[in-house]
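Residue numbers (my numbering): 393 to 630.
As structure tokens, this is what we get:
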């Protein structure tokens, strides 16, 4: 394995880790193993700290393929709580509003997601997001309590289905395009049901053809890395 020439690694990002923390750890340990001060390492498709699942990490010259991976369809399993909203649309912030939800039936949920959230849709990103407003990340403004106005984006939902429904909790599977915020999808589904909703769990289960079963945890990768010897003649592990 040649990390300088370029490798593509598949990780299952742990809960409460930022995508950047995982990349920094992998970069640091590979550099230490190779005896190098620098190495290009990047990821395709950021996951929020409260999300888990598939994260593709590229090293060396393979970082040129990051954009290619970012455009692959992504599959998520999302758990929503109906009847409550939060400013961040997930558990990062506390509940700010409550809504009636007992009128929502399983059949209503199925009808709404099948008719309003499939194909090409418009979605306004969350204020708590990395979108930029005049060069400043939106989440910096949101955390200061400043007003954040973002323009809707066009995106594609290829598949959406209800996996489980135990009022006020529902679980959905979504296959979507680049740029989709599942937190914002939770918000919009809540509104479409004449209620409110926020995300309480999110797992990315697939990017393109890469599934969770092909992914390593950070600990598994580091254990694997430590078991190999570095060959200085060809910059590879053996």
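All residues carry an ideal CB built from backbone N, CA and C; glycine is no exception. All values reported here derive from a predicted model rather than from experimental measurement.
Environment of residue i [buried if 16+ CB atoms lie within 10 Å]
i	result
residue 555	exposed
residue 521	buried
residue 495	exposed
residue 476	buried
residue 395	buried
residue 440	buried
residue 621	exposed
residue 473	buried
residue 527	exposed
Own chain residues within Cβ distance below 7 Å of residue i, not counting five before or after
i	result
residue 481	518, 575, 576, 578, 579, 590 and 591
residue 429	423
residue 405	411, 414, 439, 444, 445 and 447
residue 454	398, 399 and 400
Close beta carbons around residue i, own chain, < 8 Å, minus the five adjacent residues each side
i	result
residue 543	516
residue 617	421, 422, 425 and 629
residue 561	471, 472, 473, 474 and 592
residue 523	517, 529, 530 and 542
Residues near residue i in its chain [Cβ-Cβ closer than 6 Å; skip 5 each side]
i	result
residue 491	475, 587 and 588
residue 469	565, 595 and 597
residue 567	465, 467, 550 and 551
residue 368	The structure shown does not extend to residue 368, since the chain is modelled only from 393 through 630, so no value can be given for it.
residue 436	448, 458, 461 and 462
DSSP state of residue i mapped onto helix, strand, coil
i	result
residue 618	helix
residue 605	helix
Fully enclosed by the stretch 416-461, which alpha helix (DSSP H) runs are 4 residues long or longer? Counting whole runs of 4 or more residues, the stretch 416-461 contains no alpha helix (DSSP H) stretch at all.
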